[in-house]
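K.L.:
So the sequence lines, in the order shown, correspond to chains A and B.
Counting from 1 along the first sequence, just add 1 to a position and that's the residue number in this note's numbering.
Just so we're aligned: 196 in this note's numbering is position 209 of the second sequence, and the numbers increase by one with no gaps anywhere.
The beta-carbon is built from N, C-alpha and C at its ideal position, and this holds for glycine as well.
This structure is a prediction, so every number in the text was calculated from the model and none was measured.
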Amino acid sequence: MASEGVVAGLAAPSGLRSPSGPAAPPPGLEVMRPRRRGTAAWPWIDRAGYWLCWAAGIGLCVIALAIVLYMLVEGLSYLSPHLFVTSPAPSLQQSRAGGFLDPIEGTFILTAVGIAVAAPIGIALAVWLNEYGRPSGLARAVESAIEMLAGAPSVVLAIFGLLLFSQSALGFLSQSTAGGAVTGKSFLTAGAIMAILALPLIVGATREGLALIPNHMREASHALGKTRATTIRRVLLPSVRVNIAEGTVLGMGRIIGDTAIVVILLGATLKTEPASSVPVIGLLRGTGSTLSNYVYYNSPAGEGNAHQKAYAAAFVLLIIVLALNFAVTRLAGRRERGGAGARGSWRLRTWRLRWSE
Amino acid sequence: MPAGAAHRSPSARFGGGLRARFGGAGADRRTEQALRALAALTLVLIAAMVVTVFIKAWPSFKANGLAWFGSEGDVDTQLRAMNEGQALPGHSILYIRTWPLIWGTIVTTVPAVIIALIGSTLAAICLTEFASAPVRRTLEPIVRLLAGVPSVVYGLVAVLALAPFINDHLISEARRKSVAYVVQLEGDNLMLAIVILAIMITPIMVALIAGALASVPPAWKEGSAALGVNRWRTIVRVSLRTARPAIAAATVLATARALGEAIMLSMVAGSRGFDANPLDGLTFLFEPVRPLAATIFQESEGLTIGPMSHTLYAMGAVLLVSAVLLSFAGWAAKQPLKRYGIRA
Chain A
2 MASEGVVAGL AAPSGLRSPS GPAAPPPGLE VMRPRRRGTA AWPWIDRAGY
52 WLCWAAGIGL CVIALAIVLY MLVEGLSYLS PHLFVTSPAP SLQQSRAGGF
102 LDPIEGTFIL TAVGIAVAAP IGIALAVWLN EYGRPSGLAR AVESAIEMLA
152 GAPSVVLAIF GLLLFSQSAL GFLSQSTAGG AVTGKSFLTA GAIMAILALP
202 LIVGATREGL ALIPNHMREA SHALGKTRAT TIRRVLLPSV RVNIAEGTVL
252 GMGRIIGDTA IVVILLGATL KTEPASSVPV IGLLRGTGST LSNYVYYNSP
302 AGEGNAHQKA YAAAFVLLII VLALNFAVTR LAGRRERGGA GARGSWRLRT
352 WRLRWSE
Chain B
-12 MPAGAAHRSP SARFGGGLRA RFGGAGADRR TEQALRALAA LTLVLIAAMV
38 VTVFIKAWPS FKANGLAWFG SEGDVDTQLR AMNEGQALPG HSILYIRTWP
88 LIWGTIVTTV PAVIIALIGS TLAAICLTEF ASAPVRRTLE PIVRLLAGVP
138 SVVYGLVAVL ALAPFINDHL ISEARRKSVA YVVQLEGDNL MLAIVILAIM
188 ITPIMVALIA GALASVPPAW KEGSAALGVN RWRTIVRVSL RTARPAIAAA
238 TVLATARALG EAIMLSMVAG SRGFDANPLD GLTFLFEPVR PLAATIFQES
288 EGLTIGPMSH TLYAMGAVLL VSAVLLSFAG WAAKQPLKRY GIRA
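1) In the region 132 to 149 of chain B, which residues sit with their C-beta less than 8 Å from some C-beta in chain A, listed in chain order?
2) A:Asn326 versus chain B: which residues are under 7 Å apart at the beta carbon?
3) Can you find a C-beta in chain A that's less than 8 Å from the C-beta of B:Lys164?
4) Compare the C-beta of A:Ser293 with all C-beta atoms of chain B and state if any pair is closer than 8 Å.
5) Cα separation between B:Gly52 and B:Asn217?
6) Are any of the Cβ atoms in chain A nearer than 8 Å to that of B:Ile186?
7) State yes or no: is the beta carbon of B:Gly303 nearer than 8 Å to at least one beta carbon in chain A?
8) Under three-state DSSP, which class holds A:Arg37?
9) According to the Cβ coordinates, are A:Leu84 and A:Phe101 closer than 8 Å?
10) Does the Cβ-Cβ distance between A:Asp103 and A:Thr207 come in under 8 Å?
11) Starting from the N-terminal side, write out each stretch of the alpha helix (DSSP H) that is 4 residues or longer and does not extend beyond the region 237 to 279 of chain A.
12) Given that A:Phe161 touches chain B, what residues does it touch there, using C-beta distances under 8 Å?
13) By Cβ distance below 6 Å, which residues in the same chain neighbour A:Arg336 in space, the five residues on each side in sequence not counted?
14) Would you please state the rounded distance, in angstroms, between the beta carbons of B:Ile222 and B:Ile196? I believe it to be under 8 Å.
15) For B:Arg244 versus B:Ile183, is the C-beta spacing smaller than 8 Å?
16) If we define contact as Cβ-Cβ less than 8 Å, is B:Met254 a contact residue for chain A?
17) Hey, which unbroken runs of the alpha helix (DSSP H) at 4 residues or more fall wholly within the region 163 to 227 of chain B?
18) With 7 Å as the C-beta to C-beta threshold (strictly closer), list the residues of the region 268 to 291 of chain B near chain A in chain order.
19) From B:Pro275 to B:Gln65, what distance separates their C-alpha atoms?
20) Check the Cβ of B:Thr29 against every Cβ in chain A and list those closer than 8 Å, keeping chain order.
21) When the Cα of A:Ile256 is compared with those of A:Met149, A:Arg48 and A:Val156, which residue comes out closest?
22) Just to confirm, are A:Val279 and B:Val139 a CB contact at a threshold of 8 Å?
23) Nearest-angstrom Cα distance between B:Trp86 and B:Ser47?
24) Which residues in chain A have a C-beta closer than 8 Å to the C-beta of B:Gly257? List them in chain order.
25) Would you check if the distance between the CB atom of A:Gly152 and the CB atom of B:Leu269 is smaller than 8 Å?
26) Just checking: is the beta-carbon of B:Trp219 within a distance shorter than 8 Å of some beta-carbon in chain A?
27) Would B:Pro265 and B:Leu88 be called neighbours here (beta carbons separated by less than 8 Å)?
28) Starting from the beta carbon of B:Phe261, find every residue of chain A whose beta carbon is closer than 9 Å, and list them in chain order.
29) Using only CA atoms, which one of A:Ala307, A:Ala333, A:Ala328 and A:Val329 lies nearest to A:Gly76?
30) Throw me the rounded Cβ distance for the A:Leu111 and A:Phe188 pair, which I believe falls under 8 Å.
31) Return yes when the Cβ of A:Ala125 is within less than 8 Å of the Cβ of B:Leu30, no when it is not.
32) Whose Cβ in chain B lies nearer than 7 Å to the Cβ of A:Ser47?
33) Using a Cβ cut-off of 7 Å, pull out every chain B residue sitting near A:Val329, in sequence order please.
34) Going by DSSP, which residues form a beta bridge with A:Val183?
35) Who are the neighbours of A:Leu150 on chain B, taking C-beta pairs under 8 Å?
36) What span of residues does the alpha helix (DSSP H) with B:Gln65 cover, start to end?
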C-alpha cells in the first residue's frame, strides 16, 4: 500500500502506516511520496529493531519449515504400509519388530477417554464461572486452581495419578497383580490424568466465547420466559459451539503430544493388552501405548533404539498434529467471520426455542 | 464478568407453571447447585492433589532437612543407591542432595526463557505490526503448528540430528581433555537443551504476545502517530508498554512449560547429575545437566520402591510449588492491564 502519489491535504489519514511522512507542504503543492515509504527516514536504531523483528519472524518460520521438512524426508523414507498394520513385537531384529498399529490405536483411545472426561467438566466449569460465579470467593479459587493446573508439570500429574489410582478402592479402573496390589495403569487412569491437561484449555476457550456473548441475548431469552438453565442450554452453549470445539481440539493436541503420562500411567508395554475379554471395559482397563510413547521408546533414549521406526512414527504424529492444527485454523476462521452469522443463528435459535418448548 | 448474573430470570418468578415439564425455577436452582458442587469438587480434588504429593514427599524432606536442597557427593550415585535399596555408607537410605538437579533446572530454564522472550517479542511485533495480511495469514498457522509439535518430536530431531553434529564438530579435543577428570563431554548437553527448549516455548509466547499487541486500542497508537512518532517508536513506547503485563503472563506460562518439560530434556540434556559450572567459560555450555522433571521421568520405574518414591514425590512437590508461585506471579502481572479494560 501507500505507493501512489497523494495530494497533500487530501491524503487520507492512514493511521500507523504514515507517521514518518514529511511535514505537510504549503497547500496547493503536489508531493510525490517515495515508492516505499519504508524505514529510510528512521534513526538507525529504529531501523535495526525493524529488521530484527523480521529476522525473528522469518527465523521462526525457517525453524518450523526445517523441522517439518526434515521429519517429512526422514519419515517418508522409512515409512512403509506394513508399519500401519502390524503390531509391535519384541525382537532384536528391526525387520521383525513390527509396526505401530497398536500405538495408533492407543493414541485414539486415550484421546477419546481424555476428552470424554475433560469436555463435560470443562464446559460445566466455564459456564458456572461465567454465568453464575457465586460465591465469588469460590469462583476466584476455582479460577486460580485451573490456572495452576495449566502450569503444573505433566510428569508430576502422572506420578500423582499413579498414587491416586493404585488405591485399592479405585482398583476397578485398572488391573491388579497376582498379589492383589492395584497397578493403577490403564487407558482409564491415563485418560483421567490427561483430562487434567486438557481441562484448562477447554475452560479457557469456552469462557472466552461466553464472555463475548452480549448481555442482550441473555435478556431476550429471559424476556421470552426462559429460565437461566434453559438459556444456557438452548442459547449460550449453541452460540459458543465453535469456541468449545477449538478448546477441545487444542486439548486433543496436548493429549496426543504428552509422553510422561503415557509412560508412567499406561504401562511399559507397546502392545495393547486388554485386562479381560469384556469388549470395551476390558480394553479400557487394559494397558497399551501411544505414538508419542512409541517415538520415545524407539529414540536413542528409550529401550528400542530403532531410529527409523522413531522417525516414521514421529512423522505420523506430526501429520496428526498438522491435521488438528488445520482444524483449529478453520474453527478460528469461522469464529472470526462469525459476527453476522452468529447473530443469524441466534435469531434462528430464538425462533426454534419458541416452537420447541 | 458476571454477565446476566445480576438479575434473576423473570420466569423464575412468573412462568414456573408453564414449564412444569422442565421444573421451572426449581430446576434452575438445581442446575446452579449442581454446577457449583462440581466447581467445589474440582477445587477439592486439586487441593487434595497438592496435599497428597506433599504427604508422600514428607519423609524425604524430613530425613534430609534443608540439606535436601544442598549439594554433597554425587546425586546420581545417591539415586542409584536408593534404587538398589542399599544405603550409602554412613547415611540413611533416604539420603539425597538435589542441588545439581535444581541447578540443572535453573540453568536450562532461565537462558531458554530469556532467549524465547526476546525472540518471541520481536516475532510477535513482526506478526502484528509489520506483516501484511497475506503474510500474517501464512505465519499464524505456522506459529500455531510449532506450538503444537509434541516435545518428543523436538527431542527426537535434537538427539538424532543435532547431537551428533555438536559432538563431532563443536567440541574440540582440547576442551574434552580439559574437563575429562570430572565429566565427559557429549553431543547431548546444556547448549542443546537450552536451544531446543527455547524453540519449544517461543511459539507459545508468540501466540500470547501477538494477541495482546493486537488488542492495544488503535486510538492509542494513532495518537502517538499523530504526534509524529515513527512506527517503531510507537510500537516500543505504546504497544509494548501496554502489552507488558501480557508479556509477563506469557513468560510465566512459558517458564512453567520449561520447568515441567521432562521428555525432551531427558533425551537431550545429557542425563548426568552434574553441577555444570558457569566459570568454565564456553565449556560450561557443553557440560551435561539433569533437570528435576527429567529425573522424575527417568527414575519413574523406581516409584514402587519406598525411599525412591518419597524422593521423587519430593522433587514433584518442589516443581508443584514453583508452578503455584509462577501462576501467582502471572496473576499479579495481569492486574495492571485490567484497569484499562484490556483482556490479557
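P.N.:
The structure says:
1) Hits within the stretch, in order: Leu132, Leu133, Gly135, Val136, Pro137, Ser138, Val139, Val140, Tyr141, Gly142, Leu143, Val144, Val146, Leu147 and Ala148.
2) Pro128, Arg131, Leu132 and Gly135
3) no
4) yes
5) 58 Å
6) yes
7) So yes, B:Gly303 belongs to the interface.
8) Interpretation of A:Arg37 is limited by its pLDDT of 49, a score under 50 that renders its predicted location unreliable; no figure is taken from the coordinates.
9) In this structure, A:Leu84 sits near A:Phe101, with a CB-CB distance shorter than 8 Å.
10) no
11) Scanning the region 237 to 279 of chain A for uninterrupted alpha helix (DSSP H) segments of 4 residues or longer gives 242 to 258 and 261 to 266, listed from N- to C-terminal end.
12) Met36, Thr39, Val40 and Gly303
13) Val243
14) Not a contact, Cβ separation roughly 12 Å.
15) no
16) B:Met254 counts as touching chain A.
17) The region 163 to 227 of chain B contains these whole alpha helix (DSSP H) runs: 177 to 201, 205 to 213 and 218 to 221.
18) Ala280, Ile283, Phe284, Ser287 and Leu290
19) 18 Å
20) Ile122, Leu126, Val143, Ala146 and Ile147
21) By alpha-carbon distance to A:Ile256, the top candidate from A:Met149, A:Arg48 and A:Val156 is A:Val156.
22) Judged by their CB atoms, A:Val279 and B:Val139 are not nearer to each other than the 8 Å cut-off.
23) 14 Å
24) The premise fails here: B:Gly257 is roughly 11 Å from chain A at the closest Cβ pair, so nothing lies under 8 Å.
25) no
26) yes
27) Going by C-beta atoms, B:Pro265 is not nearer than 8 Å to B:Leu88.
28) Going along chain A, no residue has its Cβ under 9 Å from B:Phe261, so there is no contact; the nearest lies around 17 Å.
29) A:Ala307
30) Between A:Phe188 and A:Leu111 the Cβ distance is about 6 Å, and since that is below 8 Å, they are a contact.
31) no
32) Residue identity check: residue 47 of chain A is Asp in the sequence provided, not Ser. Under the 7 Å cutoff, chain B gives Asn217, Trp219 and Arg220.
33) Under the 7 Å cutoff, chain B gives Arg131.
34) A:Ser177
35) Ile33
36) Val62 to Glu71 is the extent of the alpha helix (DSSP H) around B:Gln65.
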